[in-house]
Amino acid sequence: MLAIAYYAMAEISRHLASTPQDVTPVWPPDGMAVGAVLLFGNWIGWGVLLGSFLANFWAFQDSTSILSLLISTLPVLGIAIGTTLGTLLGAFLLRNLPSLAIH
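What follows is the structure, given as structure tokens:
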């Protein structure tokens, strides 16, 4: 479910981005993903990985040939892994460093 929600929010966010090439400094799917990890635990990070991979695969695929499709998949996999690690790190910091909160 998280993969589907992440993918859907990524598509909506990409369409609402107001910069060239749909790049945006604010990415709502990551906030949703951190919230899901805080609520359900780190195991749900697999949903973040899958959702991020699918969202970026459809956005950045190069289907001119099988080789170019495979080559364009490698950066997408890297983005998905980075997104997942960032989500898990963000959740870890929010859980374990409450003293950093501004009062």
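So the sequence shown is residues 4 to 106, counted in our numbering.
Idealized CB from N, CA, C, for every residue including glycine.
These figures come from a predicted structure and were not determined experimentally.
Just tell me which of R98, L57, G93 and S66 has its CA closest to the CA of G81.
L57
Selected residue, minimal CA-CA separation from A6, among F95, A83 and G93
A83
Let me confirm a value: T87 is counted as buried when at least 16 other C-beta atoms fall within 10 Å, else exposed. Which label applies?
buried
Among L41, G54 and A20, nearest to G85 - alpha-carbon criterion
G54
Return the chain-ordered list of same chain residues with a C-beta closer than 6 angstroms to the C-beta of W37, the five sequence neighbours on each side being excluded.
Looking at the sequence shown, residue 37 is not Trp but Val. For V37, where only same-chain residues beyond five positions count, the Cβ hits under 6 angstroms are T90, G93 and A94.
Is the beta carbon of A13 less than 8 angstroms from the beta carbon of P32?
yes
Report yes if the CB atom of V40 is closer than 8 angstroms to the CB atom of Y9, and no otherwise.
no
When W49, N45 and L77 are compared against L96, the one with the closest alpha-carbon:
N45
Check each candidate in I69, M4, R98 and L72 and name the one with the smallest Cα separation from I47.
M4
Per DSSP, what kind of secondary structure is L5 in: helix, strand or coil?
helix
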